[in-house]
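In the working numbering, the protein residues as written are 82 to 249.
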């Protein structure tokens with residue numbers, strides 16, 4: 082069941098399978114605020130069962146781009162898409178949040194921005210799959226506390242996988 086995230090009232094609905102549900106909820110509320118202000122859109126959270134296709138595609142991208150496989154299960158998925166950007170976010174039980182920022186078209190003659198963002202909420206350990214591979218920057222968030230983040234650029238074109246050959 083989908084759930085519109087309210088950034089004014091932080092709720093851990095859909096995140097309670099994690100011991101870090103409060104931190105994940107704060108981070109998710111912060112993302113809801115960002116999407117509300119930047120894109121004038123609701124931030125909608127789904128159960129993993131509702132977004133199996135997106136999870137499968139994301140796991141394929143992680144594996145083929147960086148040989149990343151995570152043991153922790155995904156407990157929630159948020160998805161934003163418009164004519165210019167596809168932006169799913171995946172909330173893991175261990176307190177990690179991964180997102181795929183995938184611009185469909187470049188702007189001003191530039192190549193489209195495409196990257197995977199990795200965030201560890203307060204209290205989350207660095208997963209074994211990431212140890213020694215990335216440096217994390219610390220950031221303070223009003224809603225999520227201290228978070229650590231990093232990213233990597235997506236080098237391959239995943240239009241066919243993500244959009245099935247639709248004209249973008």
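Glycine residues also receive a C-beta, built at the ideal position from the N, C-alpha and C atoms.
Run through DSSP, which three-state label would residue i get?
i           : result
residue 141 : helix
residue 131 : helix
residue 162 : strand
residue 99  : coil
residue 90  : coil
residue 205 : coil
residue 198 : strand
residue 243 : helix
Using the C-alpha atoms, what's the distance from residue j back to residue i?
i           : j           : result
residue 215 : residue 231 : 7 Å
residue 186 : residue 87  : 30 Å
residue 218 : residue 197 : 15 Å
residue 141 : residue 244 : 14 Å
Would you check if the distance between the CB atom of residue i and the CB atom of residue j is smaller than 8 Å?
i           : j           : result
residue 179 : residue 171 : yes
residue 111 : residue 201 : no
residue 226 : residue 92  : no
residue 98  : residue 174 : yes
residue 195 : residue 235 : yes
Report the CB separation of residue i from residue j in whole angstroms; it is logged as a contact under 8 Å.
i          : j           : result
residue 83 : residue 126 : 7 Å
residue 53 : residue 123 : An answer regarding residue 53 cannot be provided, because it is not within the stretch 82 to 249 covered by the chain.
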